[in-house]
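Chemist: To start, I am sharing the structure in question, which I have written as structure tokens.
Residue numbers (this note's numbering): 13 to 724.
Here it is, written out as structure tokens:
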């Protein structure tokens with residue numbers, strides 16, 4: 013976003029068009045601002061949040077933008093943050109975006125693309141495209157070639173063929189996590205000849221182009237352009253929620269997918285989209301409004317997801333918490349049987365005669381007090397028509413409108429990448445320098461006590477180890493069963509457990525925080541272990557943040573008989589207890605002078621593990637193997653840090669808890685210039701720490717820095 017001028021509004025002409033402005037500054041070359049930007053003609057920025065304060069300072073006070081703070085924010089860090097390559101998720105997004113960009117070149121010349129698709133259909137025996145008289149095709153159906161319920165091997169093979177044809181040089185992904193797929197019976201975004209509108213394919217191409225330009229913030233493309241094209245395409249037969257899947261494919265960081273699993277997951281987060289289209293469909297305005305609402309929620313530290321790919325991934329991985337509804341009604345009974353009938357037929361169309369033959373007796377037994385079953389069925393068929401669930405065709409024939417959008421369950425797709433097993437040896441292989449016996453003892457304490465705090469000096473790998481202990485407890489590297497939360501002074505019970513949140517319709521809704529979400533998941537899935545990892549647990553006010561949960565954390569109170577009512581409860585809520593399969597791992601930096609001591613009530617409920625700087629032979633061997641640094645150099649580094657730590661430990665104003673940990677000197681990638689690497693770590697990470705330690709004796713900090721910076 014470019015800042016071209018800064019001024020003061022003097023007068024509003026009140027004609028909806030003109031204001032009088034006196035310009036204080038103008039820029040010949042616009043000042044470029046990144047990441048947090050607005051698309052509105054008039055964008056009101058309220059101070060009070062770090063992100064808005066930063067934009068205000070940049071615009072009016074000539075402050076520099078702190079790029080690192082933005083790139084490592086939850087919303088942007090998956091794309092731009094300082095994440096080790098091995099931990100980067102959603103690598104497939106670049107490939108999908110590149111495919112979309114290259115497909116756009118065929119908008120006006122589609123015959124080569126049609127020929128290619130037919131050749132792929134023959135090679136991979138895609139029956140839904142072969143011998144169908146294909147004379148035109150849309151871009152989303154092309155991308156759908158490798159986004160169907162087929163094996164990962166075939167998905168990658170078809171994706172690679174398409175990339176080669178389009179001259180895309182980004183490799184096809186090895187895994188397809190967080191990507192919704194089409195139903196194999198409805199893999200096209202258009203109907204066959206004679207059933208579809210003549211202009212649907214052209215309109216799909218127009219929306220495809222508009223959606224890309226809109227997401228990429230190309231000038232001239234406004235929200236109303238996107239909305240118009242979205243509504244035009246959505247009005248055609250066979251297009252509903254699959255359209256949002258296609259938009260997600262082409263720009264996954266910009267557009268949400270609203271297939272059934274994602275909608276169910278959103279409901280579990282108390283996010284209830286408002287769909288105002290015909291027959292409860294999503295209009296373009298609904299879609300963009302939901303997108304903006306989700307972006308606001310992504311900015312909340314305690315919201316479970318912070319991007320559209322992460323939302324889709326969680327919807328795929330996590331069991332959905334369905335609100336219990338035991339009320340037996342005619343409408344639900346009829347609709348569930350329509351679903352069964354259509355799924356068994358593998359067709360969206362059914363007749364009244366078929367339905368009565370299969371279900372008349374069953375429904376009569378289900379509702380024995382009803383003496384007019386046929387007329388009741390007909391009346392509720394009409395209700396389902398009015399609500400947009402089914403559509404009347406002709407002569408007693410109906411169509412179930414949601415059939416096209418019942419996706420293949422993602423968890424059932426064959427050949428998904430196996431989840432990596434994880435044990436104590438895995439922790440050591442990842443770069444932990446504690447002995448196997450110590451790790452075994454720590455894991456045993458976690459199993460028994462349920463709640464564990466890792467405390468130690470800075471750089472001892474507390475959060476790193478906490479997450480890996482969680483994996484080892486589960487036995488697999490199953491990220492969906494772990495939730496990381498960072499405590500800070502502004503975090504409250506309402507953020508962490510439950511509180512009121514704004515909804516898309518301007519009202520407030522009582523929403524679970526991450527801790528309550530995991531409590532409910534653990535209760536519903538007792539065979540799984542769930543772990544909440546709390547970073548810097550003493551940076552907030554734990555007693556206030558946990559509230560009544562502090563009592564429920566105790567090991568001997570983790571039963572339904574000890575349940576308590578929440579401070580904020582819904583009418584249908586039972587008292588809450590923390591199940592035995594939910595564990596809490598906290599980390600605590602005991603060297604930070606600004607942090608409060610943890611009160612005795614919290615201490616009694618946690619086991620405490622002290623971590624120390626772990627230099628020595630295991631550290632030297634690991635860094636030598638991973639980073640390629642000679643052991644003689646590592647011995648010198650170790651000796652210097654040990655000397656520094658002795659100075660710190662014997663200082664009466666500091667102590668052992670202020671030592672410098674090994675993590676500062678444990679690179680995960682190859683180091684080609686060890687001398688320069690070590691000097692940079694000392695200058696940019698260790699020396700600022702020493703300045704803080706010896707703030708009243710800077711000569712001591714400088715002296716220790718100079719000792720460290722001597723040639724290796």
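A virtual CB, placed ideally from N, CA and C, is assigned to each residue, including glycine.
Just so it is clear, the structure is predicted and the values come from calculations on it, not from any experiment.
1) Indicate, with yes or no, if the ligand GTP has a heavy atom lying under 8 Å from the CB of residue 346.
2) Is it true that the CB of residue 720 sits closer than 9 Å to the CB of residue 660?
3) List the whole-angstrom C-beta distance separating residue 548 from residue 601, where the pair is believed to meet the contact cut-off of C-beta under 8 Å.
4) Mapping DSSP to helix, strand and coil, what is residue 468?
5) DSSP three-state label for residue 13, please.
6) How close, in whole Å, do the beta carbons of residue 3 and residue 588 come, if the pair is a contact with beta carbons under 8 Å?
7) What would DSSP say about residue 413, mapped onto helix, strand or coil?
8) What do you get for residue 160, buried or exposed, if any count of 16 or more other CB atoms within 10 angstroms of its CB means buried?
9) For the beta strand (DSSP E) holding residue 598, just list the boundary residues, first then last.
10) How is residue 523 classed by DSSP in three states: helix, strand or coil?
11) On the DSSP bridge list, what partners appear for residue 463?
12) Terminal residues of the continuous alpha helix (DSSP H) containing residue 630?
13) Output the distance between the C-alpha atoms of residue 482 and residue 439, rounded to the nearest integer angstrom.
14) In this structure, how does DSSP classify residue 510 when only helix, strand and coil are distinguished?
15) If you check the beta carbons only, do residue 672 and residue 630 fall under 9 Å apart?
16) In whole angstroms, what separates the C-alpha of residue 106 from that of residue 71?
17) Are the segment 258 to 266 and the segment 220 to 237 in contact at 8 Å, needing three or more beta carbon pairs?
18) Closer than 8 Å by C-beta to residue 115: which residues in its own chain qualify, once you throw out the five before and the five after it? Chain order, please.
19) According to DSSP, what are the bridge partners of residue 37?
20) What span of residues does the beta strand (DSSP E) with residue 403 cover, start to end?
21) Name, in chain order, the residues that DSSP records as bridge partners for residue 194.
22) Would you list the one or two residues that DSSP bridges to residue 24?
23) Give the straight-line distance between the Cα atoms of residue 43 and residue 78, rounded to the nearest whole angstrom.
24) Under 9 Å between the Cβ atoms of residue 705 and residue 666?
25) According to DSSP, is residue 588 helix, strand or coil?
26) Identify, in the order they occur along the chain, each residue of the same chain with its Cβ nearer than 7 Å to the Cβ of residue 335, setting aside the five sequence neighbours on each side.
27) Between 603, 395 and 356, which has its C-alpha nearest residue 725's C-alpha?
28) Reducing DSSP to helix, strand and coil, say where residue 545 ends up.
29) Using 10 angstroms around the beta-carbon of residue 338, count the other beta-carbons present and answer buried if the total reaches 16, otherwise exposed.
30) On the premise that residue 596 lies in contact with residue 565, defined as a C-beta separation below 8 Å, what is that separation, rounded to the nearest angstrom?
31) Less than 9 Å between the beta carbons of residue 73 and residue 47, yes or no?
32) Using CA atoms only, rank isn't needed, just tell me which of 288, 279, 211 and 297 is closest to residue 237.
33) Considering only their Cβ atoms, is the gap separating residue 593 from residue 538 smaller than 9 Å?
34) Among the residues of its own chain, which have a CB less than 7 Å from the CB of residue 64, if the five just before and after it don't count?
35) So, at 8 Å on beta carbons, what are the nonlocal neighbours of residue 632 in its own chain, with the 5 sequence-adjacent residues on each side left out?
36) Determine the direct distance from the alpha carbon of residue 26 to that of residue 33, and round the result to whole angstroms.
Modeler: Reading it off the structure:
1) You won't find the ligand GTP in this model; it holds no ligand whatsoever.
2) The count along the chain shown starts at 1 and reaches residue 660 at position 648. The count along the chain shown starts at 1 and reaches residue 720 at position 708. Note that the C-beta distance between residue 660 and residue 720 is not below 9 Å.
3) On the chain shown, residue 548 is found 536 positions in, with the first residue counted as 1. On the chain shown, residue 601 is found 589 positions in, with the first residue counted as 1. That belief holds up - the Cβ atoms of residue 548 and residue 601 are roughly 6 Å apart, short of 8 Å.
4) Position 456 of the chain shown, counting from 1, holds the residue named residue 468. If DSSP states are grouped into helix, strand and coil, residue 468 belongs with the strands.
5) Numbered from 1 along the chain shown, position 1 holds the residue referred to as residue 13. Of the three classes helix, strand and coil, the one that applies to residue 13 here is coil, per DSSP.
6) Summary: the structure shown does not reach residue 3, with the chain confined to residues 13 through 724, and so no result is reported for it.
7) Within the chain shown, residue 413 is the residue found at index 401, counting from 1. Residue 413: coil per DSSP, three-state reduction.
8) Here residue 160 refers to the residue found at position 148 when the chain shown is read from its first residue. Classification of residue 160: buried, given that the 10 Å Cβ count is 16 or more.
9) For the purposes of this step, residue 598 is identified with residue 586 of the chain shown, where counting begins at 1. Going by DSSP, residue 598 is part of the beta strand (DSSP E) stretching over 594 to 601.
10) As a working note, residue 523 is residue 511 in the chain shown. Residue 523 sits in a strand when the DSSP states are folded into three classes.
11) The count along the chain shown starts at 1 and reaches residue 463 at position 451. Per DSSP, 596.
12) In the chain shown, counting from the first residue as 1, residue 630 sits at position 618. In the DSSP assignment, residue 630 falls within the unbroken alpha helix (DSSP H) covering 629 to 639.
13) Counting from one through the chain shown, the residue named residue 482 turns up at place 470. Counting from one through the chain shown, the residue named residue 439 turns up at place 427. Cα-Cα distance, rounded: 10 Å.
14) For this step, residue 510 is matched to residue 498 along the chain shown. Residue 510 falls in the strand class under three-state DSSP.
15) Indexing the chain shown from 1 puts residue 672 at position 660. Indexing the chain shown from 1 puts residue 630 at position 618. No, the Cβ-Cβ distance between residue 672 and residue 630 is not below 9 Å.
16) Counting from one through the chain shown, the residue named residue 106 turns up at place 94. Counting from one through the chain shown, the residue named residue 71 turns up at place 59. Their Cα atoms are separated by approximately 32 Å.
17) By the Cβ test, the segment 258 to 266 is in contact with the segment 220 to 237, since at least three Cβ pairs between them sit closer than 8 Å.
18) One-based indexing of the chain shown puts residue 115 at position 103. Only 125, 151, 154, 155, 178 and 220 meet the Cβ criterion.
19) Within the chain shown, the letter at position 25 stands for residue 37. The partner list for residue 37 (beta bridge, DSSP) reads 18.
20) Here residue 403 refers to the residue found at position 391 of the chain shown. Segment 402 to 404, the beta strand (DSSP E) holding residue 403.
21) Indexing the chain shown from 1 puts residue 194 at position 182. Bridge partners of residue 194: 160.
22) The residue given as residue 24 occupies position 12 in the chain shown. Paired residue(s): 31.
23) Counting from one through the chain shown, the residue named residue 43 turns up at place 31. Counting from one through the chain shown, the residue named residue 78 turns up at place 66. If I take the Cα positions, the gap works out to 14 Å.
24) For this step, residue 705 is matched to residue 693 along the chain shown. For this step, residue 666 is matched to residue 654 along the chain shown. The criterion of a C-beta distance shorter than 9 Å is satisfied by residue 705 and residue 666.
25) For the purposes of this step, residue 588 is taken as residue 576 along the chain shown, with counting starting at 1. DSSP places residue 588 in strand when its eight states are reduced to three.
26) Position 323 of the chain shown, counted from the first residue, corresponds to residue 335. Confidence at residue 335 is low in this model, with a pLDDT of 45, below 50, so its placement is unreliable and the value that follows should be read with caution. Within the same chain, and ignoring the five residues on either side of residue 335 in sequence, no residue has its Cβ closer than 7 Å to its Cβ.
27) What the structure shows of the chain is the stretch from 13 to 724, and residue 725 is not part of that stretch, so it cannot be assessed.
28) Stepping through the chain shown from its first residue, residue 545 is reached at position 533. Strand at residue 545.
29) Numbered from its first residue, the chain shown carries residue 338 at position 326. Because the pLDDT of residue 338 is 40, which lies under 50, any placement of that residue in the model is unreliable, and the number read from its coordinates should be weighed accordingly. Label assigned to residue 338: exposed.
30) Position 553 of the chain shown, counted from the first residue, corresponds to residue 565. Position 584 of the chain shown, counted from the first residue, corresponds to residue 596. About 7 Å separates the CB atoms of residue 565 and residue 596; that is less than 8 Å, so the two are in contact.
31) For this step, residue 73 is matched to residue 61 along the chain shown. For this step, residue 47 is matched to residue 35 along the chain shown. By the CB criterion at 9 Å, residue 73 and residue 47 fall outside the cutoff.
32) Along the chain shown, read from residue 1 onward, the residue named residue 237 stands at position 225. If we check each option's Cα against that of residue 237, 297 comes out closest.
33) Here residue 538 corresponds to residue number 526 of the chain shown, with the count starting at 1. Here residue 593 corresponds to residue number 581 of the chain shown, with the count starting at 1. Taking C-beta atoms as the reference points, residue 538 and residue 593 count as a pair closer than 9 Å.
34) As a first step, residue 64 is located in the chain shown; it is residue number 52 there, counting from the start. Excluding positions up to five away in sequence, the list reads 57 and 58.
35) Within the chain shown, numbered from 1, the residue matching residue 632 stands at position 620. Here the set comprises 643, 646, 647 and 650.
36) Position 21 of the chain shown, counted from the first residue, corresponds to residue 33. Position 14 of the chain shown, counted from the first residue, corresponds to residue 26. Approximately 14 Å between the Cα atoms of the pair.
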